[in-house]
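According to our numbering, the residues represented by the sequence shown are 10 to 653, in order.
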Amino acid sequence: MNIYAKLTILCLFLVLFTAGVLSFFADQKVEQTLKEEIVSSMTQQSKGISSDIGRFMFSRLNDIRMASKNPYFRNINANPEQLTQRLQELENLNGLYYSFSLFDTDRIRIADSKRISIGKQHSASLYWETLMDGNETAVDVSKSESVGRVVIHYASKVTSFPDNNEVGVLVGRILVNELFKIVGEYSLSSDTLRNLDINLIDKDGLVLYSNSDPSKILNSTYENFELVSSLQEPGVNFLETQDALYFVSRETGYLSFTGNDWTLILSIPKERAFLPLAQIREQILLAVLPVLILTIVLALIAANVFVKPIVKLSQAAEELSKGNLDIELPTGSKDEIGKLAQQMAQTSQSLIGQIEEQRQTNKQLIDQKTQIEMQKNQLVSVSSQIRDSISYAERIQRSTLPPLNTLQSVFPDSFVTYKPKDIIGGDFYWFERVRRGNNEYMIIACGDCTGHGVPGAIMSIMGSNQLTNIIYYQNYLDPKKIISRLDKVIKFELQRDTDEVNRDGMEIGICVIDLDTLKMEYAGAGIPLRLMKHGSEELTIYKSPRQMVGGIEGDEQEVFAQLTKETIQLDVKDRIFLSSDGFQDQFGGEFDKKFMSKNFNRLIERSSSGTIEEQKKTIEKTFSEWSKNTSQTDDVCVLGFEIK
Numbered sequence: 010m011n012i013y014a015k016l017t018i019l020c021l022f023l024v025l026f027t028a029g030v031l032s033f034f035a036d037q038k039v040e041q042t043l044k045e046e047i048v049s050s051m052t053q054q055s056k057g058i059s060s061d062i063g064r065f066m067f068s069r070l071n072d073i074r075m076a077s078k079n080p081y082f083r084n085i086n087a088n089p090e091q092l093t094q095r096l097q098e099l100e101n102l103n104g105l106y107y108s109f110s111l112f113d114t115d116r117i118r119i120a121d122s123k124r125i126s127i128g129k130q131h132s133a134s135l136y137w138e139t140l141m142d143g144n145e146t147a148v149d150v151s152k153s154e155s156v157g158r159v160v161i162h163y164a165s166k167v168t169s170f171p172d173n174n175e176v177g178v179l180v181g182r183i184l185v186n187e188l189f190k191i192v193g194e195y196s197l198s199s200d201t202l203r204n205l206d207i208n209l210i211d212k213d214g215l216v217l218y219s220n221s222d223p224s225k226i227l228n229s230t231y232e233n234f235e236l237v238s239s240l241q242e243p244g245v246n247f248l249e250t251q252d253a254l255y256f257v258s259r260e261t262g263y264l265s266f267t268g269n270d271w272t273l274i275l276s277i278p279k280e281r282a283f284l285p286l287a288q289i290r291e292q293i294l295l296a297v298l299p300v301l302i303l304t305i306v307l308a309l310i311a312a313n314v315f316v317k318p319i320v321k322l323s324q325a326a327e328e329l330s331k332g333n334l335d336i337e338l339p340t341g342s343k344d345e346i347g348k349l350a351q352q353m354a355q356t357s358q359s360l361i362g363q364i365e366e367q368r369q370t371n372k373q374l375i376d377q378k379t380q381i382e383m384q385k386n387q388l389v390s391v392s393s394q395i396r397d398s399i400s401y402a403e404r405i406q407r408s409t410l411p412p413l414n415t416l417q418s419v420f421p422d423s424f425v426t427y428k429p430k431d432i433i434g435g436d437f438y439w440f441e442r443v444r445r446g447n448n449e450y451m452i453i454a455c456g457d458c459t460g461h462g463v464p465g466a467i468m469s470i471m472g473s474n475q476l477t478n479i480i481y482y483q484n485y486l487d488p489k490k491i492i493s494r495l496d497k498v499i500k501f502e503l504q505r506d507t508d509e510v511n512r513d514g515m516e517i518g519i520c521v522i523d524l525d526t527l528k529m530e531y532a533g534a535g536i537p538l539r540l541m542k543h544g545s546e547e548l549t550i551y552k553s554p555r556q557m558v559g560g561i562e563g564d565e566q567e568v569f570a571q572l573t574k575e576t577i578q579l580d581v582k583d584r585i586f587l588s589s590d591g592f593q594d595q596f597g598g599e600f601d602k603k604f605m606s607k608n609f610n611r612l613i614e615r616s617s618s619g620t621i622e623e624q625k626k627t628i629e630k631t632f633s634e635w636s637k638n639t640s641q642t643d644d645v646c647v648l649g650f651e652i653k
């Protein structure tokens, strides 16, 4: 995509984005204003309707209260026929009332303007409950027992004259449909398409009046009763849901009329309430569309004017990229594009000179590359020879190490973990079964020579060979004597003066086990003995002097005196461990620290509950996980076996 297309798209995007943002905020503002107008209008209408209902109820109840003071009704000796005529006159005087009835104190109907149910007793329910609680008057909306229709009952107690004893109850009935005339049809503004849904409910949610569905009156609970019942603030409460707007006001009474705890609910679906919003949006679109089209045309013209010089400069740059440094650049304009063209022209001339210099340099580099490749081939050849030599040295070192089955022939449950740091290393192990007279012994040793790699491997081979010589051919059996003689031999082999202080040599631990009595003698220099007695959960550690065999001061007798020897009676299933310090010195873990001896000891203790093979796997797995992000620090040798 060229720059002309990109700039054109950018201009169109900016124009459309700006128009979209402005339209969005305008739409939001219009919707907010319309919503505020709706809330204000419906709040005022809620207050008006509540006031109208309260005034209506108060006036009608006042009618009944005044009628109950009529002397005809207060006369206990009045003729029932005369009372009926008076009730008919009362009905004719006020066309709102459907009928009037007069009851005695036992709820027996004495007279009725419609001459219905005279002589029958009314049930003790509805407005009678309010009167029996000590109230002088009562109002309710219910289905009349005599009329059989939903009516508003207005009841007032009648007292005798002049002693004011209660002699009966006067009841007037107004069909609930009369409430339609009071409430009427309300809408937002003068738009008949936006009529409000008006519902009047009692404290339990029963519908007392509904202009949207009159069939629900006294037959069903308001469908959103739980939603509106939570609104308890005085005055008109506003509630907005996803689909509709609700305005809820609780009955506050009127003058001396305290009300019946009714709730007035005005509601309107949002789709109906926001009908004008679609017309306003259409008008905004018609106003914005011509401006948007004009702006897009101007943006395209501006993009064309600004892009032409850039296109010419781009074509010149393309020729330069092909190596045509003599191309003529459009440097006539004084703006940033002209300055850029001038800089490119200067750069082109500079490149011509640099290319010539580079040709000369390349010739020299080719000669140097030839020499480097020759040296590289020589290094590869030398490296291959060294690698072959180390591999051969590994085979030689491995051949000096005894096979594991030598140890397993005596102690089947045994293992050796041997991990040189650099293919070959300075750690080694030695074990052999020997006979002295009628007794058989198993001699086991673990050594850690100074250094690793080739120097360490040479020392390990020397140590292994000398152990064979000292034990087999010189018949040494005492571990202290073996170590002191090994120190003397290494000093001789290294042509070291015995007075010289030098720490080169090896650390070693040697166990000599009498296979008949299972008595073990242990001596060491730098390598401890770890013993896990059968049935114990704690490791016993026998430490040895921190000396380096081949560097201990003194002659053979003096070295012997410096060493210590432990005599230990072993039992079946006891486990013995010898180890170089490579495992505990390994760096790794979360904070790249040494594993440490205390952690190595805990590892042996925790893993000793399983078989010796499981213990080996646990030790090797722990080492692998600990050092997975860190290169191996030193040679590692761990030797373990269980007494059989």
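Ideal Cβ positions, reconstructed from N, Cα and C, are used throughout, including at glycine.
By DSSP's criteria, V160 is part of a beta bridge. Which residues make up the other side? Residue mapping note: residue 160 aligns to position 151 of the sequence shown, counting from 1. Bridge partners of V160: S151, L184.
Only counting the same chain, and skipping five residues up and downstream in sequence, which positions put a Cβ closer than 6 angstroms to that of D113? In the sequence shown, residue 113 corresponds to position 104, counting from 1. Excluding sequence neighbours, D113 sits near I119, G177.
Buried or exposed for N246, going by 16 or more other Cβ atoms inside 10 Å? For the purposes of this step, residue 246 is taken as the residue at position 237 of the sequence shown. Classification for N246: buried.
Would you call L495 buried or exposed, if buried means 16 or more other Cβ atoms sit within 10 Å of its Cβ? Taking the sequence shown and counting its residues from 1, the one referred to as residue 495 is at position 486. The residue in question, L495, is buried, as its Cβ has 16 or more Cβ neighbours within 10 Å.
Using beta-carbon positions only, say whether M515 and G563 come within less than 8 angstroms of one another. Along the sequence shown, one-based indexing puts residue 515 at 506. Along the sequence shown, one-based indexing puts residue 563 at 554. For M515 and G563, no; Cβs fall outside 8 angstroms.
Thinking I480 and I452 are a contact (beta carbons under 8 angstroms), I'd like their distance in whole angstroms, please. Here the question's residue 480 lines up with position 471 in the sequence shown. Here the question's residue 452 lines up with position 443 in the sequence shown. About 6 angstroms separates the two Cβ atoms, so the contact holds.
According to DSSP, simplified to helix, strand and coil, what is E145? Here residue 145 is taken as the residue at index 136 of the sequence shown, counted from 1. In the three-state reduction of the DSSP assignment, E145 falls in the coil class, being assigned neither a helical nor a strand state.
Can you give the beta carbon distance from D436 to G591, rounded, assuming they're within the 8 angstroms contact cut? Within the sequence shown, residue 436 is the residue found at index 427, counting from 1. Within the sequence shown, residue 591 is the residue found at index 582, counting from 1. Yes, they are in contact, since the Cβ atoms of D436 and G591 sit about 7 angstroms apart, within 8 angstroms.
Would D646 pass as a contact of Y427 if the rule is Cβ separation under 8 angstroms? As a position in the sequence shown, residue 646 is number 637, starting the count at 1. As a position in the sequence shown, residue 427 is number 418, starting the count at 1. Looking at the sequence itself, residue 646 is Cys, so the reference to Asp does not match. In this structure, C646 places its C-beta atom within 8 angstroms of the C-beta atom of Y427.
Where do the ends of the beta strand (DSSP E) carrying K574 lie? Taking the sequence shown and counting its residues from 1, one reaches residue 574 at position 565. Where K574 is concerned, the enclosing beta strand (DSSP E) stretches over 574-578.
What are the boundary residues of the alpha helix (DSSP H) that I336 is part of? Taking the first residue of the sequence shown as position 1, residue 336 is located at position 327. Looking at the DSSP string, I336 is not in any alpha helix (DSSP H), and its letter there is neither H nor E.
Note the first and the last residue of the continuous beta strand (DSSP E) segment covering M541. Residue numbering aside, residue 541 sits at position 532 when the sequence shown is read from its first letter. From DSSP, the beta strand (DSSP E) with M541 extends over 538-541.
Looking at L579: is its Cβ nearer than 8 angstroms to the Cβ of I652? Position 570 of the sequence shown, counted from the first residue, corresponds to residue 579. Position 643 of the sequence shown, counted from the first residue, corresponds to residue 652. For L579 and I652, yes; Cβs fall inside 8 angstroms.
By a C-beta neighbour count over all protein chains shown, 10 Å radius and 16 as the cutoff for buried, is P429 buried or exposed? Position 420 of the sequence shown, counting from 1, holds the residue named residue 429. Result: buried.
3-residue-minimum beta strand (DSSP E) runs that sit fully inside the stretch 354-424, ordered along the chain: none
Report, in whole angstroms, the separation of the C-beta atoms of Q624 and S617, which I expect to be a contact under 8 angstroms. Taking the sequence shown and counting its residues from 1, one reaches residue 624 at position 615. Taking the sequence shown and counting its residues from 1, one reaches residue 617 at position 608. Confirmed, Cβ separation roughly 6 angstroms.
Can you tell me which of the three DSSP states D431 falls into? Locating residue 431 in the sequence shown gives position 422, where the first residue counts as 1. Here D431 sits in strand by DSSP.
Close beta carbons around E100, own chain, < 7 angstroms, minus the five adjacent residues each side: In the sequence shown, counting from the first residue as 1, residue 100 sits at position 91. Excluding residues within five positions, the ones whose Cβ falls inside 7 angstroms are Y106, S108, F109, S122.
Whole-angstrom distance between L548 and N610, CA atom to CA atom: As a first step, residue 610 is located in the sequence shown; it is residue number 601 there, counting from the start. As a first step, residue 548 is located in the sequence shown; it is residue number 539 there, counting from the start. In a straight line, the C-alpha of N610 is about 7 angstroms away from that of L548.
If contact is defined by three or more beta carbon pairs under 8 angstroms, each pair taking one atom from either stretch, is the stretch 58-78 in contact with the stretch 262-278? yes
Inter-residue CB distance, R182 and S153 (contact presumed, cutoff 8 angstroms): Here residue 182 corresponds to residue number 173 of the sequence shown, with the count starting at 1. Here residue 153 corresponds to residue number 144 of the sequence shown, with the count starting at 1. Yes, R182 and S153 are in contact; Cβ-Cβ is about 6 angstroms, under 8 angstroms.
What is the rounded straight-line gap between the Cα of E530 and the Cα of K603? Translated into the one-based positions of the sequence shown, residue 530 becomes position 521. Translated into the one-based positions of the sequence shown, residue 603 becomes position 594. Rounded to the nearest angstrom, the two C-alpha atoms are 31 angstroms apart.
Would L217 and L205 be called neighbours here (beta carbons separated by less than 8 angstroms)? Reading the sequence shown from its first residue, position 208 is the one you call residue 217. Reading the sequence shown from its first residue, position 196 is the one you call residue 205. Cβ atoms of L217 and L205: not closer than 8 angstroms.
Runs of beta strand (DSSP E) wholly within the stretch 259-317 (minimum 3 residues, chain order): 272-278
Three-state secondary structure (DSSP) at S589? As a working note, residue 589 is residue 580 in the sequence shown. If DSSP states are grouped into helix, strand and coil, S589 belongs with coil.
Excluding sequence positions up to five away, which residues of its chain have a Cβ less than 6 angstroms from the Cβ of E138? The residue you call residue 138 lines up with position 129 of the sequence shown. So no residue of the chain qualifies.
Helix, strand or coil for N638, going by three-state DSSP, please let me know. On the sequence shown, residue 638 is found 629 positions in, with the first residue counted as 1. In this structure, N638 counts as coil in the three-state DSSP scheme.
Terminal residues of the continuous alpha helix (DSSP H) containing K552? As a working mapping, residue 552 is identified with position 543 in the sequence shown. From DSSP, K552 is part of no alpha helix (DSSP H); its letter is neither H nor E.
Do you know offhand how far K552's Cα is from D594's? In the sequence shown, counting from the first residue as 1, residue 552 sits at position 543. In the sequence shown, counting from the first residue as 1, residue 594 sits at position 585. For K552 and D594, the distance between alpha carbons rounds to 17 angstroms.
So the candidates are I577, Y136, E441, L23; which of them puts its Cα closest to the Cα of N478? Here residue 478 is taken as the residue at index 469 of the sequence shown, counted from 1. The shortest Cα separation from N478 among I577, Y136, E441, L23 belongs to E441.
CB-CB under 7 angstroms to K489, same chain, minus the five flanking residues each way: which ones, in chain order? By one-based count along the sequence shown, residue 489 stands at place 480. Answer for K489: A532, F569, L572, K574, listed in chain order.
Using CA coordinates, which residue listed in S423, C455, N448, L227 is at the minimum distance from V185? For the purposes of this step, residue 185 is taken as the residue at position 176 of the sequence shown. It is L227 whose Cα lies nearest to the Cα of V185.
For the structure I just gave you, are there three or more beta carbon pairs, one from the stretch 164-172 and one from the stretch 139-150, closer than 8 angstroms? Cβ pair count under 8 angstroms is three or more, so yes.
Three or more C-beta pairs under 8 angstroms: does that hold for the stretch 266-283 against the stretch 75-92? no
Do T639 and G597 have their C-beta atoms within less than 8 angstroms of each other? In the sequence shown, counting from the first residue as 1, residue 639 sits at position 630. In the sequence shown, counting from the first residue as 1, residue 597 sits at position 588. Against a cut-off of 8 angstroms, the Cβ pair of G597 and T639 comes out as a contact.
Between S276 and Y255, which are expected to be in contact by the criterion C-beta below 8 angstroms, what is the C-beta distance as a whole number of angstroms? Position 267 of the sequence shown, counted from the first residue, corresponds to residue 276. Position 246 of the sequence shown, counted from the first residue, corresponds to residue 255. Yes, S276 and Y255 are in contact; Cβ-Cβ is about 5 angstroms, under 8 angstroms.
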